[in-house]
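Undergrad: Mapped onto the numbering used here, the consecutive letters of the sequence shown carry residue numbers 15 to 105.
Idealized CB from N, CA, C, for every residue including glycine.
Have a look at this one.
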Amino acid sequence: MTTQTPHDPGRLEKILAYMVAGVVGLSILAFLAVILGTAAGAGDNDGFSNGVWPAVLTLPLFGLPLGFLLIIALMIVSGVRRAREARQRLE
15 MTTQTPHDPG
25 RLEKILAYMV
35 AGVVGLSILA
45 FLAVILGTAA
55 GAGDNDGFSN
65 GVWPAVLTLP
75 LFGLPLGFLL
85 IIALMIVSGV
95 RRAREARQRL
105 E
């Protein structure tokens, strides 16, 4: 029976994981802010075009696809690292 040692994720994997969490989390919070703002009546009389609302409205449009791309990058980096570790074990 082989013993498995826990892997040490590299700096790039940690950075990508935190970026995914931050971008997706912020996009979800912005989405919820729009929902709550609409329920509170901020959208009446073109209220969403003033102040910080334009940025809040566009954040999920860019943040969620960026988060998806970051998840794909994280999967690729993790796969490369695991393949490299598997090759080293065979040698």
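Quick one, are the C-beta atoms of Trp-67 and Ala-53 less than 8 Å apart?
TA: No. Outside cutoff.
Undergrad: Here's the rule: buried if 16 or more other CB atoms are within 10 angstroms of the residue's CB, otherwise exposed. What is Ala-44?
TA: So Ala-44 ends up on the buried side.
Undergrad: Three-state secondary structure (DSSP) at Glu-27?
TA: Helix, per DSSP.
Undergrad: Residues in the same chain with beta-carbon distance under 8 Å from Glu-27, minus the five sequence neighbours each way, listed in chain order, please.
TA: Closer than 8 Å at the Cβ level, and outside the excluded window around Glu-27, lie Leu-88, Val-91, Ser-92, Arg-95.
Undergrad: Within the continuous alpha helix (DSSP H) that includes Ser-92, where are the two ends?
TA: Element bounds for Ser-92: 67–104.
Undergrad: What's the call for Leu-73, buried or exposed, on a 16-neighbour Cβ count within 10 Å?
TA: With 16 or more Cβ atoms within 10 Å of its Cβ, Leu-73 is classed as buried.
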